[in-house]
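In the UniProt record's numbering, the protein residues as written are 1 to 158. The structure appears right after this line, and notes come after that.
See the structure below:
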């Protein structure tokens, strides 16, 4: 019984190996499309896939406005405390206190690029960027402040 299982495993393993080699040989002899990127020689023309998950970015418009309300949903969704939202209270023209974003701190060195923060954001204020070159000599350079200096929330975002 043991020898029969052993020989069956050898047969299945050999068949699997030959199937893989057949596919590789086919692409070697008759390449359909080139899927290998010649990085870093093609930095100017390199296009990452649309679903690529780089670092988290906060887009700002031409008026230096963003859509982050400071709700901390992204901070709560992050599995390893990559995001820290520091809020402040602004006073509206009606005299009411309203929570607003003061600083959006992003620790890139802790980020697993899972995208849970982007999915949790109710206003789509953050997204995954296309940048993937994060090598630095000083680890403190991987801690980023995502909201621009002097930026404010976009009108109409609640």
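Where is the CB? At the ideal position from N, CA and C, for every residue including glycine.
In the DSSP assignment, find the beta strand (DSSP E) that holds residue 143 and state where it starts and stops. 143–145
Close-in-space but distant-in-sequence residues of the same chain around residue 87 (CB under 7 angstroms, 5 per side omitted): 70, 99, 100, 101, 102
Among 54, 37, 53, the one whose alpha carbon lies nearest that of residue 46: 37
Residue 110 to residue 89 span [Cα, whole Å]: 28 angstroms
Name the DSSP bridge partner or partners of residue 100? 88
Look at the Cβ atom of residue 120, then the Cβ atom of residue 77, and state whether they are nearer than 7 angstroms. yes
Quick check on the DSSP output: the alpha helix (DSSP H) that includes residue 73 runs from which residue to which? 73–77
Please state the DSSP three-state secondary structure of residue 65. strand
Can you tell me whether residue 28 is buried or exposed, with buried defined as 16 or more other CB within 10 angstroms of its CB? exposed
Go to residue 52, then tell me how far its alpha helix (DSSP H) extends in each direction, as first and last residue. Looking at the DSSP string, residue 52 is not in any alpha helix (DSSP H), and its letter there is neither H nor E.
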